[in-house]
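Encoded as structure tokens, the structure appears first; notes follow it.
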Amino acid sequence: MTTPRTYVRYRPDLEQPLPDEEELIRQVVEAMGKANRQVADKHRHGLRDAHAKSHGVLAGELRVHSRLPAHLAQGLFTEPAAYPVIVRFSSAPGDLRSDQVPVQRGIAVKVIGAPGPRALDDGHTTQDLLLVNHPTLPFGNIAEYAKLQDLLEKQPRQSDRQLQLTGLAARAAAKALTRVGRPLPPAVETLAAANHHILGETFYSMAALRYGDHVAKISAAPRSANVRALTGRPVEKKAGESALRDLVVDFFAHDSAEYDIRAQLCTDIDRMPVEDASVLWPEELSPHEAVAVLHLPAQDAYSDARRRYADDVLSFSPWHALEAHRPLGSIMRSRRAAYPSSSDFRHRLNGVDPQEPASITELPA
């Protein structure tokens, strides 16, 4: 007989801020601002300080499963429902790099009409899920992230070819270290991404968030057979600098896609910590369990109007959130300051008023 799992109950004191956390956050936000200004000078246009390059912008639906067990029927997922969503596929750098440069890829899901009290009193009804195709952050807290600032600040000054060679060396180092059972240094893990078809990837929140009465990490995994078939498929070297955009546009010109939205609930706060996002939560302690389906129908995934709206008008932030899904841990707390700082710079420089949608009809065709 299987022993029932005991899920960690959310309480505010699960978070343990560092003594110098506010100063570390100030330093990180300042460094990110410098890199942001370098990129803006290069392009004469304000970009996001992370995930600057989009590859597809889609309208879809988040369909919450019915009859979820009590531990999963929490927050946004309490009742079966269908919410309109805006989805943006992207690459991690805060610059417009060739898609031939292997870097981490992301998916941002903006759920519209999310009911309930807010994590911040922002007057909106959106719940953003920001997910990356790697389950952990190499820098697990804001102190470790601050140590990587030199590496991150150098990237805007490096060519695509330099980044490709750096990634090649990082992947070789990662293989060698893995072979002898050694942990990967954060810089190596950050740079050792593979270059696969973006639609076949599984995406993770990496850091924790509140999950109603509990604590969880969120992920999105290919559900429909057509995107599962793309998992691990290399991006062809001859496909060009905008290969990922072309792959996404070509796919959605004729096909729909579905992803399982999953929650991995914390069952052991020591082995599944909130404050260290570099720790992989063991699946033997708690599996990823499907709570909803992300449905993306066939459509024009990258019209000029959509690209401008998603890249210049919209902002995505883990703090566009219900209180039931409050972001947790020092990395998430740093984003409470970092994301508005980047957004304010981008919108001010480009002379664009930010907008938070209240209806899917605000997304251009």
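For the sequence shown, UniProt numbering begins at 1 and goes up steadily by one. Even glycine gets a Cβ: it sits at the ideal position worked out from N, Cα and C.
Along the alpha helix (DSSP H) that carries residue i, what are the first and last residues, could you check?
| i | result |
| --- | --- |
| Y53 | For the record, residue 53 in the displayed sequence is Lys; it is not Tyr. From DSSP, K53 is part of no alpha helix (DSSP H) but of the beta strand (DSSP E) over K53 to V64. |
| G33 | E21 to H43 |
| V227 | A225 to R228 |
Name the residue from the options whose alpha carbon lies nearest to the alpha carbon of residue i.
| i | options | result |
| --- | --- | --- |
| N226 | G200, L18, D122 and L137 | G200 |
| L68 | A292, E356 and F316 | A292 |
| S90 | Y83, D99, A82 and P84 | D99 |
| A290 | M32, R223 and R37 | R223 |
| R228 | A257, D250 and V235 | A257 |
| K147 | P357, Q27 and S315 | Q27 |
| W319 | D276, A220, F203 and S334 | S334 |
| A208 | S315, P4, L120 and E15 | E15 |
| M32 | P357, L349 and A337 | A337 |
| R37 | S359, W281, G329 and S343 | S343 |
| Y145 | G329, Y204 and H45 | G329 |
| L58 | A50, P84, W281 and D49 | P84 |
| G212 | P282, M206, C266 and P234 | C266 |
Where do the N-terminal and C-terminal ends of the beta strand (DSSP E) with residue i fall, by residue?
| i | result |
| --- | --- |
| V248 | Segment A243 to F252 is the alpha helix (DSSP H) holding V248; no beta strand (DSSP E) there. |
| E144 | Per DSSP, E144 belongs to no beta strand (DSSP E); it is in the alpha helix (DSSP H), I142 to K147. |
| A221 | H214 to P222 |
| A82 | A82 to S91 |
| R233 | Unbroken run through R233: none, as it is neither H nor E. |
| R210 | L209 to Y211 |
| T126 | T126 to V132 |
| V109 | R105 to I112 |
Measure the alpha-carbon distance for residue i versus residue j and round it to whole angstroms.
| i | j | result |
| --- | --- | --- |
| I269 | L131 | 22 Å |
| Y302 | D13 | 43 Å |
| Q104 | T136 | 12 Å |
| N195 | G232 | 9 Å |
| P273 | V279 | 7 Å |
| G116 | L47 | 31 Å |
| P4 | Y10 | 19 Å |
| S159 | P102 | 13 Å |
| A239 | P297 | 25 Å |
| A253 | I198 | 16 Å |
| F77 | V64 | 6 Å |
| A193 | G56 | 20 Å |
| Q74 | D260 | 17 Å |
| L294 | E236 | 27 Å |
| R346 | D312 | 8 Å |
| E21 | D300 | 44 Å |
| E362 | T6 | 42 Å |
Can you tell me whether residue i is buried or exposed, with buried defined as 16 or more other CB within 10 angstroms of its CB?
| i | result |
| --- | --- |
| A365 | exposed |
| G94 | buried |
| K34 | exposed |
| Q355 | exposed |
| V180 | exposed |
| T126 | buried |
| G351 | exposed |
| E275 | buried |
| D128 | buried |
| A176 | exposed |
| H43 | exposed |
| D304 | exposed |
| D250 | exposed |
| A70 | exposed |
Return the chain-ordered ranges of every beta strand (DSSP E) run that is complete within the region 257-343 and spans a minimum of 3 residues.
-> 257-265 and 289-296
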